[in-house]
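Down below is the structure, laid out as C-alpha cells.
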Amino acid sequence: MTNQTDTAVRESRFSLEAASNYAVIVAFIAVVIFFTFAAPGFMSGENIFNLISNKVVLLAIVALGMTIVIGAGGIDLSVGVSIDLSSMIFIMMIAAGYMGAFAVMGGLGAAFCVGLLNAFLINKLKINPFLATLGVLFIGKSIQQLSTQGGVPIYLTRAEYAAPFDAIARTSLLGIPTPIIILVVCIIGVYLALHRSVFGRYVAALGAQADVARYSGIRVPFHMSIVFISCAVLSGITGILLSSTVRSYVPLAGDAFLLDAIGATFIGTAISAERRPSVLGTLIGVALLAVMRNGLLLIGWNFFWQQVGIGVLVFLVLGLSFGLRKRAE
Amino acid sequence: MTAVEHAPATSRGWFNSKVFAKLAIRLGAFAAFAGIMIYFALTARGFTTTYNMINVVEQSTILGFLAFAMTVVFIGTGTDVQKGGIDLSIAANAGLCAAVYAVMMREGYGNYVAIPAAIGTGMVIGFFNGLAVVTLKIMPLLGTLAVMNIAAGVELTLTENTVVPVQSDLMTVLAFGRFLGISTLAWCLIIGSVLLVWAIHYSKIGLRLYAVGGHIEAARAAGINTGRYVYGAYIFSGFMAGVASILIVSRLSSSTPGTGLMLLPILAAALLGTVFSRRFIPTIGGTLLAALFIGFLANGFQLLGISSYWVSGVQGALILLVVTVTSFAKKH
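What follows is the structure, encoded as C-alpha cells:
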C-alpha cells in the first residue's frame with residue numbers, strides 16, 4: 267500500500283517537473299496557434315517579416331546581452347543607458363558630418379564606456395550589480411538630459427543624412443535585410459561564447475556558485491568585466507540599429523527595452539531543468555513577447571491592454587514553470 | 203543603543219581604531235546630511251525659511267510613504283535586492299490606485315466608496331505580488347515586474363493616458379488644510395512615520411518581520427509562519443501605495459500618468475536609508491531621513507538655480523557612494 271502511493275507520488279513528481287520545463291514552449295505554441303485563428307493576417311509572410319525585422323531584432327540583441335549577464339549571476343539595469351548613449355553619439359556624429367563608419371564606432375565606443383564603468387563599479391568598488399547598474403541608470407539619465415536640453419529629440423530626416431542610415435537599415439545581403447544578418451551574427455557569437463567555449467563555462471560557474479568559482483582560480487573580475495562590457499556593446503548595437511531605422515535619437519528611448527529584455531531572459535530560463543539562462547531560451551522568450559504584442563495589436567487591443575495582456579501572460583507562464591517545479595522538489 | 207556601542211572603546215581606555223572607523227562611517231552619513239543642509243542654508247536664499255522647510259516635508263510625504271512600503275518589503279524579505287525581495291510594482295501600483303480613485307470620483311461615487319476602493323486595489327495588487335513570490339515561488343524581481351506591467355497597463359486603460367481631475371472637500375483639506383501651523387500632508391508624514399516606527403521597531407510583528415528577512419530558515423525553525431509575513435509585507439506595501447495615491451491625487455488635484463516613474467527615487471530612498479542605521483539594515487527612521495535628504499537635495503538645487511537635469515545623476519552618484527561605503531564598512 268505504502269509502496270504504491272510512493273510510486274504514484276514519484277510518477278506525479280516526474281510528470282510535474284517535465285511539464286514545468288515545457289510550460290514556456292507550450293505557451294508559445296498555444297499563443298501562435300491562437301493568433302493564427304483569431305487574428306487574420308497574423309500568419310502572412312509580410313506580417314512575420316515585419317515582426318522580425320522591426321520588433322524581434324532590436325529586443326533580441328539586448329536580450330542576448332542580458333542573457334550573458336544573468337548567466338553570470340548579475341543583472342544589468344543600465345542597458346537602456348548603453349542603447350541611448352550609443353544612439354546619441356551615433357546621431358550626433360552623423361549630424362556633425364562624420365562618416366557613417368566612424369559614427370558607428372563612436373556609438374559603440376560610448377556603449378563600451380558604459381560597460382567599463384559598470385565593470386569598474388562591480389569589480390573595484392565591489393558594488394552589487396543591481397545597485398551599481400541602478401546608479402549608472404540614474405547618471406545616464408542626467409547625461410542625456412544635460413546634453414539634449416532636458417530631452418529634446420534629434421531628428422535627422424533630411425535626405426542629406428540618409429546614406430549611412432540606409433546602409434544599415436535598408437540594405438540586404440542575399441535577400442536578407444542587414445539588421446537580421448546582424449542579429450544572426452550576434453546569436454551565433456553569443457551562442458559560441460556561452461555554450462561552446464571555456465568562457466561560457468566560467469560564466470556558468472560564476473552564475474551558479476560565485477564563491478566556488480573564485481576558489482577554483484577563475485579570474486572573477488576579468489570575466490565579470492567581459493560579461494558587462496559585452497552586454498553594453500550588444501545594447502549599443504541595438505541603439506545604432508534603432509537610430510538608423512527611425513533616423514533620430516529620442517532621449518531615454520532605451521529604457522523601454524530593459525524590462526522586456528529581463529523578462530525574455532527569465533522566461534527563457536524556464537526551458538532548462540536547472541533554470542539557467544540560455545541563448546535558445548532567451549530567443550523563445552523574445553519571440554513570445556513579440557508575438558503577444560503583435561497578435562494583441564492585430565486583434566484590436568490597444569497599447570494599454572497589450573501591456574496588461576503581456577503582464578498576465580508572463581505571470582502565468584512563470585507561475586506555471588516555477589510553481590510546478592518548486593512543488594515537484 | 204549608541205551608548206552601548208561607545209562603551210567598549212571607553213572602558214578599554216585606548217583608542218580603538220576599529221570602533222572609531224565604524225563610528226566615523228556611521229556618523230559620516232549624518233555628517234554628510236548635516237553638511238549639505240548647512241551648505242544650502244548658507245548659499246541658497248530662502249532655504250531656511252519655515253515655508254520652504256514645510257514645503258520640502260510636504261513634497262517628501264509621498265516619496266516617504268512609498269519608500270516606507272519598499273523598506274517594509276526589504277525588511278521582510280532580506281536586503282539582497284537581487285536574490286531577496288523587492289517590490290518593483292509599488293510606483294505603478296500607486297499610479298493605478300490614483301487612477302481608480304480619480305475615475306470613481308469622476309463617476310460620482312463619494313470619498314467613502316472611492317478611498318476604500320483605491321486602497322483595496324492597492325492591497326489586491328500587493329496580494330498578487332505575495333502570490334507570485336510566496337505561493338508560486340517566482341523570483342521577486344521577476345514576479346513584481348510582471349505585476350508592475352499589469353498595474354501600469356490597467357492604469358493606462360482606466361485613464362486612457364489622460365489627466366483625470368478630481369475635486370472634493372477632502373482633497374482641499376489634504377492639499378491646503380493646516381493644523382498648528384503645519385500642513386495636512388506634513389502631518390500625514392509625521393503620523394505615518396510614528397505609527398510605522400512603532401509597528402516595525404517596537405512590536406512583536408516588526409521583530410518577527412526582521413527575523414523572517416534576516417534568516418528565513420531560522421525564522422521558520424523558530425516557529426514563525428514565514429509565508430504569512432512575506433505575504434503581509436507585500437500586501438502592506440500595496441496598502442501604502444493606496445494611501446500614497448490619495449495624497450498624490452490631493453497634491454496634483456488629479457490623477458496623472460507617469461506616477462510609475464517614481465520607482466527609481468523610491469528605490470534610492472529605501473536603499474540610502476540603510477546608511478542611517480547602525481547595522482546598515484533597512485529601518486523606518488533611516489528611510490524617513492533618506493526621503494527628506496532627497497527632497498532637500500532637489501529643493502536646494504532648485505533654489506541655487508542648478509538645472510534639475512543634474513538631480514538624477516546626483517542621486518545615482520549618491521547611491522553608488524553609499525553602497526561603496528556600506529560594503530567597506532561591513533567588511534571592517
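Just so you know, the protein sequences line up as chains F and B, in that order.
Offset between the first sequence (1-based) and the numbering used here: plus 266.
Offset between the second sequence (1-based) and the numbering used here: plus 202.
Beta carbons are placed, not taken as given, at the ideal position from N, Cα and C, and that holds for glycine.
If you count every other CB in all the chains shown that lies within 10 Å of the CB of residue i, and 16 or more means buried, which is it?
i: Thr302 (chain F); result: exposed
i: Tyr511 (chain B); result: buried
i: Ile442 (chain F); result: exposed
i: Gly406 (chain F); result: buried
i: Arg424 (chain F); result: exposed
i: Leu527 (chain F); result: The residue you asked about is not Leu; residue 527 (chain F) is Ala in the sequence shown. Classification of Ala527 (chain F): buried, given that the 10 Å Cβ count is 16 or more.
i: Ser589 (chain B); result: Because chain B here runs from 203 to 534, residue 589 (chain B) falls outside it and cannot be looked at.
i: Thr361 (chain B); result: buried
i: Met358 (chain F); result: buried
i: Gly215 (chain B); result: Residue confidence is low: Gly215 (chain B) scores 47 on pLDDT, short of 50, so the model does not pin down where it sits. Its coordinate-derived value is still stated next. When all chains shown are included, Gly215 (chain B) counts as exposed.
i: Ser513 (chain F); result: Going by the sequence as given, residue 513 (chain F) is Arg instead of Ser. By the 10 Å Cβ count, Arg513 (chain F) comes out buried.
i: Gln369 (chain B); result: exposed
i: Phe294 (chain F); result: buried
i: Val375 (chain B); result: exposed
i: Tyr436 (chain B); result: buried
i: Ser344 (chain F); result: buried
i: His208 (chain B); result: Interpretation of His208 (chain B) is limited by its pLDDT of 44, a score under 50 that renders its predicted location unreliable; no figure is taken from the coordinates.
i: Met373 (chain B); result: buried
i: Val583 (chain F); result: buried
i: Tyr468 (chain F); result: buried
i: Val418 (chain F); result: exposed
i: Gln415 (chain F); result: exposed
i: Met354 (chain F); result: buried
i: Ile451 (chain F); result: One point to set straight first is that residue 451 (chain F) is Val, not Ile, in the sequence displayed. By the neighbour-count rule (16 or more Cβ atoms within 10 Å), Val451 (chain F) is not buried but exposed.
i: Arg380 (chain B); result: exposed
i: Pro306 (chain F); result: exposed
Could you have a look at residue i and say whether DSSP puts it in helix, strand or coil?
i: Leu439 (chain F); result: strand
i: Pro395 (chain F); result: helix
i: Phe495 (chain B); result: helix
i: Tyr421 (chain F); result: strand
i: Phe488 (chain F); result: helix
i: Tyr427 (chain F); result: helix
i: Ile340 (chain B); result: coil
i: Tyr364 (chain F); result: coil
i: Phe308 (chain F); result: coil
i: Ser455 (chain B); result: coil
i: Arg380 (chain B); result: strand
i: Tyr515 (chain F); result: strand
i: Ser405 (chain B); result: coil
i: Ser370 (chain B); result: coil
i: Ser510 (chain B); result: coil
i: Ser385 (chain B); result: strand
i: Phe235 (chain B); result: helix
i: Gln415 (chain F); result: coil
i: Ala293 (chain F); result: helix
i: Ile288 (chain B); result: coil
i: Ser587 (chain F); result: helix
i: Ser408 (chain F); result: helix
Would you please verify whether the beta carbon of residue i is less than 8 Å from any beta carbon of chain C?
i: Val580 (chain F); result: Annotation note: the requested chain C is absent from the structure, which comprises protein chains F and B.
What is the residue span of the alpha helix (DSSP H) that residue i lies within?
i: Pro484 (chain B); result: Counting along the chain, Pro484 (chain B) falls outside any alpha helix (DSSP H), and DSSP gives it neither H nor E.
i: Glu362 (chain B); result: Neither: Glu362 (chain B) is in no alpha helix (DSSP H) and is coded neither H nor E.
i: Met216 (chain F); result: The requested residue 216 (chain F) does not occur in the structure, where chain F is confined to residues 267 to 595.
i: Met307 (chain B); result: 292 to 308
i: Lys321 (chain F); result: Run containing Lys321 (chain F): none; DSSP gives neither H nor E here.
i: Leu524 (chain F); result: 521 to 535
i: Arg480 (chain F); result: 476 to 481
i: Asn254 (chain B); result: 252 to 279
i: Gly312 (chain B); result: Premise fails: Gly312 (chain B) is in no alpha helix (DSSP H) and is neither H nor E.
i: Ile448 (chain F); result: 444 to 461
Worksheet entry | Continuous alpha helix (DSSP H) assignments of at least 4 residues falling wholly in the stretch 327 to 356 of chain F | none
Discussion item. Measuring CB atoms only, is the stretch 490 to 499 of chain B touching the stretch 467 to 476 of chain B, in the sense that at least three cross pairs come out at less than 8 Å?
Written reply: They touch, by the three-pair rule.
Worksheet item: Do the stretch 426 to 444 of chain F and the stretch 371 to 378 of chain F touch if we need at least three Cβ pairs shorter than 8 Å?
Response: no
Worksheet entry | Whole runs of the alpha helix (DSSP H) within the stretch 415 to 467 of chain B, excluding any shorter than 4 residues | 418 to 423, 428 to 454
Worksheet item: Does the stretch 293 to 304 of chain B come within contact of the stretch 316 to 334 of chain B, defined as at least 3 CB pairs closer than 8 Å?
Response: yes
Worksheet item: Would you say the stretch 384 to 403 of chain F touches the stretch 517 to 524 of chain B, given that touching needs at least three Cβ pairs under 8 Å?
Response: yes
Worksheet item: Does the pairing of the stretch 322 to 336 of chain B with the stretch 345 to 360 of chain B give three or more beta-carbon distances under 8 Å?
Response: yes
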